[in-house]
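Undergrad: For reference, the structure I am asking about is given below.
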Amino acid sequence: MVVSRKETPPNIKIYINDTKLKQRDQFKYLRALISSDGRDTTEISSRIAQSKTMFKRMKNILTYPHMSIKTRKRVLVLHRTHIDVWMRDLDNIKTNARQVG
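The opening residue of the sequence shown carries number 971 in my numbering; numbering runs sequentially from there.
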């Protein structure tokens, strides 16, 4: 993959042991989505989708009538911590992108 600001990044041919590697538009590296255009819009969309999926899975737990409000709050606090970490990571990505660009 080539990271470029151009609309269409150049096509590069890389071979390892006479095997041509496929050129990708994006890939995951250290849980971050790297795209060939160098922008983070796909990363933001991916994280929003992950958050939505997590809350959809939690819906049954949070609406379970036999669970106390106190327990529901604990569950939310635990999951909120993960979301806060994601948001901090996202802010760091944006800050680093501004410094580079």
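All residues carry an ideal CB built from backbone N, CA and C; glycine is no exception.
Given the structure is predicted, the values throughout are model-derived calculations rather than measurements.
For M1028, which of N981, I982, L1048 has the nearest alpha-carbon?
TA: Here the closest residue by C-alpha is L1048.
Undergrad: Give the range of the beta strand (DSSP E) segment to which I1004 is assigned.
TA: 1002-1005
Undergrad: How about F997 and I986: do their beta carbons lie closer than 9 Å?
TA: no
Undergrad: Can the beta-carbon of I1031 be found closer than 9 Å to that of M1037?
TA: Note that the C-beta distance between I1031 and M1037 is below 9 Å.
Undergrad: With 9 Å set as the bound, which would you pick, yes or no: does the beta-carbon of V1047 sit closer than that to a beta-carbon of chain D?
TA: Within the model displayed, chain D is absent; a lone protein chain is all it includes.
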